[in-house]
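The sequence shown runs 55 to 199 under our numbering.
Ideal Cβ positions, reconstructed from N, Cα and C, are used throughout, including at glycine.
None of the values given here were measured: they were computed from a predicted structure.
Remarks on the structure that follows.
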Amino acid sequence: MRTVTVAADLALPPLSALRLWTDTSRWPTFVGGFSHVVEQTPDWPEPGSKVIWQSTPAGRGRVTERVLERTDDTFVTQVFEERLAGTQSLYFTVDEVVMRLEYELTQGGPLRRLTDVLFIRRALTDSLRHTLRRFSTEAEAEASL
Numbered sequence: 055m056r057t058v059t060v061a062a063d064l065a066l067p068p069l070s071a072l073r074l075w076t077d078t079s080r081w082p083t084f085v086g087g088f089s090h091v092v093e094q095t096p097d098w099p100e101p102g103s104k105v106i107w108q109s110t111p112a113g114r115g116r117v118t119e120r121v122l123e124r125t126d127d128t129f130v131t132q133v134f135e136e137r138l139a140g141t142q143s144l145y146f147t148v149d150e151v152v153m154r155l156e157y158e159l160t161q162g163g164p165l166r167r168l169t170d171v172l173f174i175r176r177a178l179t180d181s182l183r184h185t186l187r188r189f190s191t192e193a194e195a196e197a198s199l
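Following this line, the structure appears as structure tokens:
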């Protein structure tokens with residue numbers, strides 16, 4: 055299992071930030087490579103619920119997220135996509151959001167580990183950083199309302 059962790063400033067209280075993060079209608083403003091929701095269970099974002107979304111053409115393809123845990127300051131989903139499977143965890147504090155993605159590549163054969171070290175991990179880190187920066191901007195705008 056590989057791990058990528060990124061963080062960003064947060065201008066919203068944890069519960070408000072969690073509401074913003076789980077509002078799929080807001081995802082186009084901050085989720086990198088997001089195109090549209092394909093399917094969402096009615097009980098989203100409760101534990102056991104799921105959302106399936108499609109990325110832009112150059113993105114991750116079809117992504118399924120199933121909620122494993124949701125508290126006032128934590129949101130954990132199991133993530134499945136064409137190239138990887140893993141667990142994405144978000145931790146909200148009064149001034150910061152931290153995202154951790156623990157993942158395994160599902161493709162790549164015997165060179166999978168090398169591919170991850172040379173290409174995938176950096177791309178994932180950049181993508182997650184970009185998403186959290188955009189989320190931070192959205193949270194700041196939300197806090198000013």
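> Bridge partners of Gly140, per DSSP?
Replying inline: By one-based count along the sequence shown, residue 140 stands at place 86. Its beta-bridge partners are Val133 and Tyr157.
> With DSSP run on the structure shown, which of helix, strand or coil describes Asp63?
Replying inline: Position 9 of the sequence shown, counted from the first residue, corresponds to residue 63. Asp63: strand per DSSP, three-state reduction.
> Where does Glu119 sit, in a helix, a strand or coil, going by DSSP?
Replying inline: Within the sequence shown, residue 119 is the residue found at index 65, counting from 1. DSSP places Glu119 in strand when its eight states are reduced to three.
> Between Glu158 and Thr83, is the Cβ-Cβ spacing less than 8 Å?
Replying inline: Here residue 158 is taken as the residue at index 104 of the sequence shown, counted from 1. Here residue 83 is taken as the residue at index 29 of the sequence shown, counted from 1. The answer is no: Cβ separation not under 8 Å.
> What residue from Trp107, Asp97 and Phe146 has the CA that sits closest to Ser89's CA?
Replying inline: Here the question's residue 89 lines up with position 35 in the sequence shown. Measuring from the Cα of Ser89, the nearest candidate turns out to be Trp107.
>> Quick check: what's the CA-CA separation for Pro67 versus Val148?
In response: Translated into positions along the sequence shown, residue 67 becomes position 13. Translated into positions along the sequence shown, residue 148 becomes position 94. Whole-angstrom Cα-Cα distance: 5 Å.
> Do Gly86 and Ser190 come within 8 Å of each other at the CB atom, strictly closer than that value?
Replying inline: The residue given as residue 190 occupies position 136 in the sequence shown. The residue given as residue 86 occupies position 32 in the sequence shown. No, Cβ-Cβ distance for Ser190 and Gly86 is not below 8 Å.
> What number of angstroms, rounded off, separates the C-alpha of Glu150 from the C-alpha of Leu72?
Replying inline: On the sequence shown, position 96 is the one that residue 150 refers to. On the sequence shown, position 18 is the one that residue 72 refers to. Roughly 12 Å between the two C-alpha positions.
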